[in-house]
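To start, the structure itself, in structure tokens.
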Amino acid sequence: MLRYAGVALFSTFLLGSCTSTKKYESVLAQKVKLERDKADCQSALSKSRKESADLSKQVASLTEYRSQLAADTTLLGGTLRKTQSLYADLSSTYDKLIKNHDRLMANSALESSKLSKDLSRRDEELNKLNETLTKNRSQLDQLSKDLKTREERLNELERILAEKDKAVNALRAKVSNALLGFNSKDLSVDVRNGKVYVSLSEQLLFKSGSTKVDVKGQDALRKLATALKDQQDVNVVVEGHTDDVPVSRGTAGMQDNWDLSVLRATEITRILTNAGLAGTKITPSGRAENVPLDAAKTAEARQKNRRTEIILTPKLDELFQILEAN
């Protein structure tokens, strides 16, 4: 309508040629303004339509949201009622817990007092234990020192024993070499308990019931004495042994086997010293029939038992000094 109105107005202006230029220009300006207003109105109308469409969408969305809220409200109402019921239960439980807490606090005060006393007592016990530990540690240190000293002495003892064993074996070899020419049934040399035993049978040394050594036996004893002359650290024990048969009645100077065993040991000792072995190193002794090699009552067993054993013992002064130091 505005467009038609403008055209009519413009025609009127043309028909009225007598209209002044000033009025014409005024009317023209109004026309331009009207056209501008028209364009603005069209733009505003387009914008309004777009906004109307957007609002319609928003209304639809809000309507859907409202329906969802209504459904959620119904659900939340049920949840609220359950929550309220749960809250009531929790409140009841809380009240019970408070009562229990108060009771426990009262009991806790008593327990705390007991625990405090126990703690004090345990602290005292711990202090005593620490004192005992310190004392034991000191004793342990001392024991460690003592143990180290004992180990050193033990090592020294083992060294000396090894040397003695070596010396005993060397002595056995020397004695064996010196007595090589004699029958092994009549003379044997072996090592027992760290000592060298030279065992001589009665057949080699004596006639039955006699205390005088035969020539062959004297030869063996002199060779033994020669082998032992330079053995300054060896003690010699001469043991006479008999069988269990009593000596014959009337045997000169003898009442029993004790006399026989002692006299034979003394005679052998005399031969050894006459051959050059120092008397300070020799001890004669008689054992009679009390240390048999064979306990049987046969002639063969009794022959084994009638013997003289010369026991060579290395001096153990150094070893005894170590033992005494312990």
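Residues in the sequence shown are numbered consecutively from 1, following full-length UniProt numbering.
Idealized CB from N, CA, C, for every residue including glycine.
Taking 8 Å as the cut-off, the Cβ atoms of Val-245 and Arg-302 count as close.
Ranked by how close their Cα comes to the Cα of Asp-294, the residues Lys-304, Arg-137 and Ile-311 have Lys-304 in first place.
Thr-211 and Ala-220 have their C-alpha atoms spaced approximately 16 Å apart. Segment contact: the stretch 187-203 against the stretch 277-284, fewer than three CB-CB distances shorter than 8 Å; contact not assigned. Per DSSP, the beta-bridge partners of Ala-288 are His-241.
Taking C-beta separations shorter than 8 Å and ignoring five residues to either side along the sequence, the partners of Ser-248 in its chain run Gly-209, following chain order. With contacts defined by Cβ atoms closer than 8 Å, Asp-214 and Leu-205 form a contacting pair.
Under DSSP, the beta-bridge partners assigned to Tyr-197 are Asp-190 and Ile-311. In the structure shown, Asn-235 adopts extended strand secondary structure according to DSSP, grouped into three states. Remark: C-beta atoms of Gly-286 and Gly-240 approach each other more closely than 8 Å. In this structure, DSSP gives Val-27 a helical state, which the three-state scheme calls helix.
Remark: C-beta atoms of Asn-169 and Val-189 do not approach each other more closely than 8 Å. For a cut-off of 8 Å, the C-beta gap from Thr-269 to Pro-284 is around 4 Å, short enough to register as a contact.
Counting along the chain, the unbroken alpha helix (DSSP H) around Ser-261 starts and ends at 257-274.
Measuring C-alpha to C-alpha distances from Ala-178 to each of Glu-124, Ser-201 and Ala-225 identifies Ala-225 as the nearest. CA-to-CA, the gap between Asn-100 and Asp-141 works out to about 57 Å.
Spatial neighbours of Leu-55 in its own chain (CB-CB distance under 8 Å, excluding positions within 5 residues in sequence) are not present. Here Leu-260 is actually not in contact with Thr-273; their C-beta atoms are around 21 Å apart, not less than 8 Å. DSSP links Thr-211 through a beta bridge to no other residue.
Glu-64 and Ala-71 have their C-alpha atoms roughly 11 Å apart.
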